[in-house]
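Numbering (our numbering), first residue to last: 438 to 589. Every residue, glycine too, gets a C-beta built ideally from N, C-alpha and C. A short worksheet on the structure shown next.
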């Protein structure tokens with residue numbers, strides 16, 4: 438989908454505050470309400486906008502440990518990859534799962550309440566997936582920033 442200047446402005450505004458009213462969005466990008474809403478609906482229909490979410494503070498919810506786990510599968514096959522991805526998607530503490538190149542097959546972003554709960558998660562949840570050969574964890578000591586907005 439080709440995005441014009443107004444679409445980009447709308448996306449930038451919605452990324453910073455998805456609760457902005459259509460009326461306010463329309464005024465900011467110099468449109469009337471109906472054409473503005475039409476553009477937003479078009480962006481949603483074309484999957485440029487995939488959802489609206491509340492940003493939560495993990496620390497306020499007791500989730501104080503962020504870990505990146507590198508995972509190597511025991512075999513390089515489609516069935517092992519599918520099995521792994523299906524299992525990992527069901528694990529609530531896994532925030533992201535990416536297929537990567539290099540020595541490992543996957544990179545997981547995992548959140549936990551503390552190091553003990555992460556250890557338990559690795560032993561009893563992640564480690565119980567049969568097709569995993571190796572897990573290497575990197576604990577984040579301090580996250581300096583995390584951007585949610587994509588550059589447009």
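Checklist entry - Cα separation between residue 558 and residue 574? => result 12 Å
Checklist entry - If we count Cβ pairs, one from each stretch, closer than 8 Å, do we get three or more for the region 528-544 versus the region 503-519? => result yes
Next on the checklist: Using DSSP's beta-bridge definition, name the partner residues of residue 538.
Outcome noted: According to DSSP, residue 538 bridges with nothing at all.
Next on the checklist: Please report the straight-line C-alpha distance between residue 522 and residue 534, rounded to a whole angstrom.
Outcome noted: Their Cα atoms are separated by approximately 8 Å.
Item to check | alpha helix (DSSP H) segments (min. 4 residues) lying fully within the region 449-496 | outcome: 459-465 and 470-482
Item to check | Anticipated Cβ contact below 8 Å, residue 444 with residue 502, distance rounded | outcome: Not quite, the Cβ-Cβ distance comes to about 39 Å (not below 8 Å), so this is no contact.
Checklist entry - For residue 532, which residues does DSSP report across the bridge? => result Paired residue(s): none; residue 532 is not in a bridge.
Checklist entry - Start and end of the alpha helix (DSSP H) containing residue 519? => result 515-526
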